[in-house]
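Just so you know, our numbering puts 145 at position 42 of the sequence shown, and the rest follows in order with no gaps. Where is the CB? At the ideal position from N, CA and C, for every residue including glycine. Written out below as structure tokens is the structure these notes cover.
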Amino acid sequence: MNKPQPFLTITWRDNAVVMIDQRRLPHEEQYNVYTDVAGVAGAIRDMVIRGAPAIGVAAAYGVALAAHAASDGLSQMIDRVQAACDLLATTRPTAVNLFWAIERMSKTLKKAQQATPDQLRLALLEEARAIHDEDLALCHRIGEHGATLVPDTATVLTHCNAGALATAGHGTALGVIRSAVSAGKNVRVLADETRPFLQGARLTAWELARDGIDVTVIPDVAAPLLLSRKEVTLVVVGTDRVAANGDVANKIGTYGVALAAHANRIPFYVAAPWSTIDLDTKDGAAIPIENRPDEEVTHVFGKRIVPNAVPVLNPAFDVTPAALVTALITDRGIVRPPFGPGLAALA
Ligand code: MRU
Numbered sequence: 104m105n106k107p108q109p110f111l112t113i114t115w116r117d118n119a120v121v122m123i124d125q126r127r128l129p130h131e132e133q134y135n136v137y138t139d140v141a142g143v144a145g146a147i148r149d150m151v152i153r154g155a156p157a158i159g160v161a162a163a164y165g166v167a168l169a170a171h172a173a174s175d176g177l178s179q180m181i182d183r184v185q186a187a188c189d190l191l192a193t194t195r196p197t198a199v200n201l202f203w204a205i206e207r208m209s210k211t212l213k214k215a216q217q218a219t220p221d222q223l224r225l226a227l228l229e230e231a232r233a234i235h236d237e238d239l240a241l242c243h244r245i246g247e248h249g250a251t252l253v254p255d256t257a258t259v260l261t262h263c264n265a266g267a268l269a270t271a272g273h274g275t276a277l278g279v280i281r282s283a284v285s286a287g288k289n290v291r292v293l294a295d296e297t298r299p300f301l302q303g304a305r306l307t308a309w310e311l312a313r314d315g316i317d318v319t320v321i322p323d324v325a326a327p328l329l330l331s332r333k334e335v336t337l338v339v340v341g342t343d344r345v346a347a348n349g350d351v352a353n354k355i356g357t358y359g360v361a362l363a364a365h366a367n368r369i370p371f372y373v374a375a376p377w378s379t380i381d382l383d384t385k386d387g388a389a390i391p392i393e394n395r396p397d398e399e400v401t402h403v404f405g406k407r408i409v410p411n412a413v414p415v416l417n418p419a420f421d422v423t424p425a426a427l428v429t430a431l432i433t434d435r436g437i438v439r440p441p442f443g444p445g446l447a448a449l450a
């Protein structure tokens, strides 16, 4: 079978930001082109691009775009770039990578206050490219560390999509799986479908199947049964934010998987680049949880499935207490409990 063309989650091309439209996968590979920061902010909010590290990269390019789109003098350009940072910070609250990337771009802006407009444009684009390139390298390091935790033959359960589509490439949780497969291990993946946005069924299944990795989609509600039957060797998921005490925010449903893994003594690993570790947030209770639009719950592919006028709740993330996490797999190494001192030592 011919290998499919590699895809790019996000790239900068001809003074524009290009993203694969993740809402259309797996059926359509459509690339959207954004030429202004409002477009990038909308793409993050509407989930054209999603996944914590990928959101950070998109925000960085969005800031660079604000400088490129501005043809006025330095002080107006600085104002536009500042406004771009403010706008992007309103898009999604949970993924700390968004705020981390905006902070890096703001620092670059401050450093370049005496520059010419062209120098400022270039400095911002170079910083965005650095954030992008670094993320890819960090994912490979996460993969190398994480692969050491995967036995030679393993069934790995994952939730949501923490893959190439959620990062600059390779992925965090899926990076661990990819690196284990590259090391010659025999890995079968169980992908939770991940209601309501179906990142597992649509995105994880798409990118792993494309790479020829053995993947089976399961309904979210089947995970506890399979864990209790010991049909899973280990769980590995990504995260949007890790608090200083090791509490982990990730896609809604992760907490339930962690509880079932703990009850059945199955290792539960969380993979993340250092940009997802938030030592300024004390614990999970302080992590802001995004509420997404009702339509994601009330409708399936445009068809209403909930009776009219019945309210729904749609929290997009949950918090898994540190006590349920076997280890954090970071680019700086594997951290085991107690996470507070472990994370502080690597900071
Ligand atoms: O709402 P999403 O699709 O942005 O949520 C994504 C997740 O929950 C991922 O697991 C997380 O961002 C880690 S991505 C490497």
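Going by CA-CA distance only, name the one from the options that's closest to residue i.
i    : options                : result
G359 : P370, A346, A326       : A326
V284 : V318, A269, G303       : V318
R332 : Y372, N367, T270, L382 : N367
A198 : L427, I321, V422, F442 : V422
D182 : V403, P196, K213       : K213
V415 : A286, T429, A215, R395 : R395
V290 : A269, A361, A312       : A312
M122 : D175, A352, L268       : L268
R153 : S178, Q179, R126, H171 : R126
R435 : M180, A448, V320, H171 : A448
A233 : D343, M208, T219       : M208
K385 : G443, L362, L328       : G443
H171 : F371, S378, N118       : N118
A286 : A240, P107, G249       : G249
A361 : L328, I392, A389       : L328
L301 : V438, Q185, P129, K106 : P129
Any beta-carbon of chain C closer than 8 Å to the one on residue i?
i    : result
E310 : Among the chains in the structure shown there is no chain C, since it carries only a single protein chain.
Could you give the C-beta distance for residue i and residue j, rounded to a whole number, given that I count them as a contact under 8 Å?
i    : j    : result
L293 : L260 : 4 Å
V409 : V400 : 7 Å
A271 : H235 : 5 Å
I432 : V373 : 7 Å
T251 : L227 : At roughly 38 Å, the Cβ-Cβ gap does not stay under 8 Å, so T251 and L227 are not in contact.
I355 : A419 : 6 Å
T297 : D343 : Actually they do not touch by this definition, with Cβ atoms about 14 Å apart.
L446 : F371 : Wrong, their Cβ atoms sit about 17 Å apart, outside the cutoff.
Here's a check: name, in chain order, each residue in its chain whose Cβ is nearer than 7 Å to the Cβ of residue i, leaving out the five neighbours to either side.
i    : result
A187 : V140, G165, V166, A169
I369 : L330, V335, L337, V338
T357 : H262, V340, D421, T423
A450 : L382
D238 : P156, V160, T270, A271, P376
Q222 : A215
A240 : none
Which same chain residues end up closer than 6 Å to residue i when comparing Cβ atoms and leaving out the 5 residues on each side of it in sequence?
i    : result
P440 : none
K288 : V253, D255
G387 : A346, D350, V422
I245 : T275, G278, A374, I432, D434
T114 : V121
I437 : H248, A430
A460 : For residue 460 there is no data in the structure shown, the boundaries of the chain being 104 and 450.
How would you call residue i, buried or exposed, if buried means at least 16 neighbouring beta carbons within 10 angstroms?
i    : result
D295 : buried
G315 : exposed
H273 : buried
A364 : buried
E310 : buried
G303 : buried
D376 : It is Pro, not Asp, that sits at residue 376 in the sequence shown. It is buried - the Cβ of P376 has at least 16 other Cβ atoms within 10 Å.
S282 : buried
V324 : exposed
G278 : buried
G349 : buried
L382 : exposed
R116 : exposed
N353 : buried
S174 : exposed
V206 : Checking the sequence shown, residue 206 turns out to be Glu, not Val. Answer is exposed; the Cβ neighbour count stays below 16.
E229 : exposed
T219 : exposed
Once you ignore the five residues that flank residue i on each side, which residues in its own chain have a CB closer than 8 Å to its CB?
i    : result
D124 : E131, Q133, Y134, N135, V151
L201 : I147, A155, I158, G159, A162, L191, A192, T194, R195
V143 : V120, Y137, A161, A162, Y164, G165, L168, L191
N417 : P299, N394, R395, P396, D397, E399, V400
**Message:** Under 8 Å, with one C-beta from each stretch per pair, do the region 262 to 269 and the region 400 to 407 reach the 3-pair mark?
**Reply:** Judged by Cβ distances under 8 Å, the region 262 to 269 makes no contact with the region 400 to 407, as fewer than three pairs qualify.
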